[in-house]
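Colleague: Residue numbers (the numbering used here): 2 to 518.
Next up is a structure, given as structure tokens.
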């Protein structure tokens with residue numbers, strides 16, 4: 002076999018080896034991503050379709066460009082930095098850190114053997130998969146707030162009495178709407194970005210036309226979601242919350258989005274017709290560029306060592322998900338309340354409410370009734386306390402996890418949010434829940450205690466893991482308690498117990514998880 006044949010075969014198998022090493026090294030992260038793709042009611046249900054398109058477009062680009070392999074060592078520097086970020090995400094169990102560098106690490110790995118000019122045509126085909134990676138969840142809250150603001154503007158001219166608190170829109174005497182994660186418009190935004198980027202890659206050559214089309218796609222997706230939410234809210238208001246759209250509106254939303262895509266199609270066709278068709282070849286417009294430098298096998302070998310080395314470290318430092326399950330769930334041994342005022346009762350829920358958490362290591366769930374009202378059950382306040390702890394967080398056993406819920410959305414509707422001051426500068430989150438069937442109200446307070454630090458929302462609790470590498474604690478806990486009564490000020494009862502519950506649980510957890518000397 003002559004040197005030319007060897008060179009041509011290495012140009013094929015070296016990129017394949019690097020892609021294979023990348024997949025093996027980052028497999029745990031991809032498994033988590035794949036699990037989200039299988040949830041067809043979430044924003045990433047198009048993931049497997051997009052993966053197929055990415056493979057197809059990348060293969061087509063390779064066949065049309067036939068890049069030559071070489072050694073482009075400067076790309077190893079950002080590659081090493083990206084792998085360090087991935088390793089940090091593995092160590093801290095912060096999936097977003099792992100997910101955000103997946104596509105850059107793959108592209109940088111290929112640039113180390115292809116160089117910039119040969120690798121440029123592959124950036125969009127490979128990068129397309131980024132619109133199916135779940136780190137976009139961190140945009141959800143911002144999109145929710147924007148959606149609420151836009152609906153305020155749309156409702157204001159209609160002479161409708163309403164007020165807004167956070168992501169809740171209240172109609173006195175009618176009901177309340179929560180602009181939840183699913184109403185943020187994230188799914189439409191990702192689909193709009195995917196369609197416009199892919200259309201530009203396949204049909205447009207001028208980058209300014211591509212960028213304008215992408216901006217139009219983002220605007221169309223956002224406006225479609227704002228109109229969808231407005232129509233649902235208005236329909237619920239005019240029908241006194243009896244319209245089927247209030248609870249079942251997925252199909253309606255996609256119909257609105259499909260109609261909104263019509264003007265986007267004409268904009269895309271307008272740009273396509275304006276462009277001169279003078280560039281031959283495939284989707285990227287960069288063809289037959291030779292950018293080989295240095296011995297290709299040596300460069301690919303260094304890239305493979307980096308990928309497999311960091312992948313091996315990541316496998317080694319991630320705690321196994323099944324370890325905690327084998328040890329079993331243990332009870333918390335703690336007395337949280339004054340037994341002279343509160344009488345323990347054998348009930349596992351508070352009027353069918355309790356949080357849903359997956360695989361905690363330690364649990365306390367207790368129900369109490371106020372002694373002063375025991376003789377008159379209708380006047381007695383009931384208090385439920387839950388303390389859920391993870392000795393260390395690992396895949397499937399995490400404090401902030403998409404399967405963990407403060408309440409069952411099928412049984413309860415959130416009506417109001419508030420804050421609960423527990424002293425010492427610690428503020429817990431508060432929530433008023435209404436039972437869909439009985440119309441009973443439950444007032445709930447909750448807080449996340451992560452490695453010795455209190456947080457009142459899930460995002461901050463997740464970010465509180467980041468300093469974990471610098472201290473000796475790795476525990477994470479959720480303290481949640483709720484009050485229900487028919488003839489008392491339940492929220493005032495909740496606030497009166499908040500300081501003692503928070504302080505007692507904090508002292509207990511600090512002692513339980515104190516670093517050994």
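Just so you know, even glycine gets a beta-carbon here, dropped at the ideal spot from N, CA and C.
Quick caveat, the model's predicted, so the values are computed rather than measured.
Using C-beta distances below 6 angstroms, list every residue in its chain close to residue 486, excluding the 5 sequence neighbours before and after it, in chain order.
Modeller: Here the question's residue 486 lines up with position 485 in the chain shown. Cβ neighbours of residue 486 beyond the five flanking positions: 382.
Colleague: By the three-class DSSP mapping on this structure, what secondary structure does residue 418 have?
Modeller: Within the chain shown, residue 418 is the residue found at index 417, counting from 1. Note: residue 418 maps to strand in three-state DSSP.
Colleague: Going by DSSP, which residues form a beta bridge with residue 444?
Modeller: Walking along the chain shown from the start, residue 444 turns up at place 443. Residue 444 pairs with 433 and 484.
Colleague: Taking the continuous beta strand (DSSP E) assigned at residue 345, which residues delimit it?
Modeller: As a first step, residue 345 must be located in the chain shown, where it is residue number 344. Unbroken beta strand (DSSP E) run through residue 345: 343-346.
Colleague: State the DSSP-derived secondary structure class of residue 216, mapped to helix, strand or coil.
Modeller: The count along the chain shown starts at 1 and reaches residue 216 at position 215. In this structure, residue 216 counts as helix in the three-state DSSP scheme.
Colleague: Can residue 449 and residue 459 be called in contact, C-beta distance under 9 angstroms?
Modeller: Within the chain shown, the letter at position 448 stands for residue 449. Within the chain shown, the letter at position 458 stands for residue 459. Yes.
Colleague: Nearest-angstrom Cα distance between residue 288 and residue 123?
Modeller: As a working note, residue 288 is residue 287 in the chain shown. As a working note, residue 123 is residue 122 in the chain shown. Model confidence at residue 288 stands at a pLDDT of 45, short of 50, so the residue's coordinates are unreliable and nothing is read from them.
Colleague: Taking 7 angstroms as the limit between beta carbons, can you name the residues of its chain near residue 189, skipping five residues before and five after?
Modeller: Position 188 of the chain shown, counted from the start, is the residue given in the question as residue 189. Around residue 189: 222, 225, 226 and 258.
Colleague: Candidates 239, 230, 483 and 57: which alpha carbon is nearest residue 254's?
Modeller: For the purposes of this step, residue 254 is taken as the residue at position 253 of the chain shown. Comparing Cα positions, the closest option is 230.
Colleague: Spatial neighbours of residue 136 within its chain, please: C-beta separation below 7 angstroms, excluding the five flanking residues on both sides.
Modeller: Sequence index remark: in the chain shown, residue 136 carries index 135 (1-based). Counting only Cβ-Cβ distances below 7 angstroms, and skipping sequence neighbours, we find 97, 100 and 101.
Colleague: Under three-state DSSP, which class holds residue 193?
Modeller: Start at 1 with the first residue of the chain shown, and residue 193 comes out as number 192. Correct three-state label for residue 193: helix.
Colleague: Would you mind working out which of 173, 353, 48 and 181 sits nearest residue 192, comparing C-alpha positions?
Modeller: In the chain shown, counting from the first residue as 1, residue 192 sits at position 191. Closest by alpha carbon: 48.
Colleague: Taking residue 125 as the reference, give the member of 61, 86 and 419 with the closest Cα.
Modeller: Position 124 of the chain shown, counted from the start, is the residue given in the question as residue 125. Selected option, being the one with the closest Cα: 61.
Colleague: Label residue 404 either buried or exposed according to how many other C-beta atoms from any shown protein chain fall within 10 Å of its C-beta, with 16 as the threshold for buried.
Modeller: As a first step, residue 404 is located in the chain shown; it is residue number 403 there, counting from the start. Counting Cβ neighbours within 10 Å, residue 404 comes out exposed, since fewer than 16 surround it.
Colleague: Starting from the Cα of residue 58, find the closest Cα among 477, 203, 447 and 385 and give me that residue.
Modeller: If you number the chain shown from 1, residue 58 lands on position 57. The shortest Cα separation from residue 58 among 477, 203, 447 and 385 belongs to 203.
Colleague: The alpha helix (DSSP H) that contains residue 44, what's its start and end?
Modeller: As a working note, residue 44 is residue 43 in the chain shown. No alpha helix (DSSP H) holds residue 44; DSSP gives it neither H nor E.
Colleague: In the DSSP output, which residue or residues are listed as bridge partners for residue 383?
Modeller: Within the chain shown, the letter at position 382 stands for residue 383. According to DSSP, which records beta bridges pairwise, residue 383 is partnered with 370 and 485.
Colleague: Is it true that the region 208-221 meets the region 234-244, where meeting means three or more beta-carbon pairs spaced less than 8 angstroms apart?
Modeller: Short answer: they don't touch.
Colleague: Please report the distance separating the alpha-carbon of residue 345 from that of residue 463.
Modeller: To locate residue 345, count along the chain shown from 1; it is residue 344. To locate residue 463, count along the chain shown from 1; it is residue 462. Taking the straight line from one Cα to the other gives about 33 angstroms.
Colleague: Measure the Cβ-Cβ separation of residue 356 and residue 179 and say whether it is below 9 angstroms.
Modeller: In the chain shown, the residue the question calls residue 356 occupies position 355. In the chain shown, the residue the question calls residue 179 occupies position 178. No; because the gap between Cβ atoms is not below 9 angstroms, this pair is not in contact.
Colleague: Quick check on the DSSP output: the beta strand (DSSP E) that includes residue 178 runs from which residue to which?
Modeller: Locating residue 178 in the chain shown gives position 177, where the first residue counts as 1. First-last of the beta strand (DSSP E) with residue 178: 176-179.
Colleague: Beta carbon of residue 398, beta carbon of residue 363: below 9 angstroms?
Modeller: Locating residue 398 in the chain shown gives position 397, counting from the first residue. Locating residue 363 in the chain shown gives position 362, counting from the first residue. Cβ atoms of residue 398 and residue 363: not closer than 9 angstroms.
Colleague: Express the C-alpha separation of residue 353 and residue 175 in angstroms, rounding to a whole number.
Modeller: In the chain shown, residue 175 corresponds to position 174, counting from 1. In the chain shown, residue 353 corresponds to position 352, counting from 1. One C-alpha to the other measures close to 24 angstroms.
Colleague: Measure the CB-CB distance between residue 261 and residue 214 and report whether it falls below 9 angstroms.
Modeller: By one-based count along the chain shown, residue 261 stands at place 260. By one-based count along the chain shown, residue 214 stands at place 213. It is not a contact, given that the beta carbons lie outside the stated cut-off.
Colleague: Output needed for residue 165: all residues of its chain with C-beta closer than 8 angstroms, excluding positions within five of it in sequence on either side, in chain order.
Modeller: Counting from 1 along the chain shown, the entry for residue 165 is found at position 164. Taken in chain order, the residues that qualify are 149, 153 and 171.
Colleague: Rounded to whole angstroms, what is the Cα-Cα separation between residue 35 and residue 393?
Modeller: Your numbering for residue 35 matches position 34 in the chain shown. Your numbering for residue 393 matches position 392 in the chain shown. The straight-line gap from Cα to Cα measures roughly 24 angstroms.
Colleague: Short of 6 angstroms in beta carbon distance, which residues of its chain neighbour residue 1, apart from the five on each side in sequence? Order them along the chain.
Modeller: As shown, the chain starts at 2 and ends at 518. That puts residue 1 outside it, with no answer to give.
Colleague: What's the gap between the Cα of residue 309 and the Cα of residue 84?
Modeller: The count along the chain shown starts at 1 and reaches residue 309 at position 308. The count along the chain shown starts at 1 and reaches residue 84 at position 83. Cα to Cα, the separation comes out at about 10 angstroms.
Colleague: Can you give the beta carbon distance from residue 412 to residue 442, rounded, assuming they're within the 8 angstroms contact cut?
Modeller: The residue you call residue 412 lines up with position 411 of the chain shown. The residue you call residue 442 lines up with position 441 of the chain shown. Wrong, their Cβ atoms sit about 13 angstroms apart, outside the cutoff.
Colleague: With a threshold of 6 angstroms on Cβ separation, who are the neighbours of residue 256 within its own chain once the five nearest residues in sequence on each side are excluded?
Modeller: Numbered from its first residue, the chain shown carries residue 256 at position 255. Contacts found: none.
Colleague: Looking at the unbroken beta strand (DSSP E) that takes in residue 408, where does it start and where does it end?
Modeller: As a position in the chain shown, residue 408 is number 407, starting the count at 1. Segment: none, residue 408 is in no beta strand (DSSP E) and carries neither H nor E.
Colleague: If you count every other CB in all the chains shown that lies within 10 Å of the CB of residue 350, and 16 or more means buried, which is it?
Modeller: In the chain shown, counting from the first residue as 1, residue 350 sits at position 349. Residue 350 is exposed by the Cβ-count criterion.
Colleague: List the endpoints of the continuous alpha helix (DSSP H) containing residue 498.
Modeller: Position 497 of the chain shown, counted from the start, is the residue given in the question as residue 498. That run of the alpha helix (DSSP H) goes 491-513.
Colleague: Where does residue 165 sit, in a helix, a strand or coil, going by DSSP?
Modeller: As a position in the chain shown, residue 165 is number 164, starting the count at 1. It is a strand residue.
Colleague: What does the Cβ neighbour count give for residue 420, buried or exposed, with the cut at 16 atoms within 10 Å?
Modeller: Here residue 420 is taken as the residue at index 419 of the chain shown, counted from 1. Its Cβ having fewer than 16 others within 10 Å, residue 420 is exposed.
Colleague: Quick one: what's residue 477 bridged to in DSSP?
Modeller: As a first step, residue 477 is located in the chain shown; it is residue number 476 there, counting from the start. DSSP output for residue 477 lists 391 and 451 as bridge partner(s).
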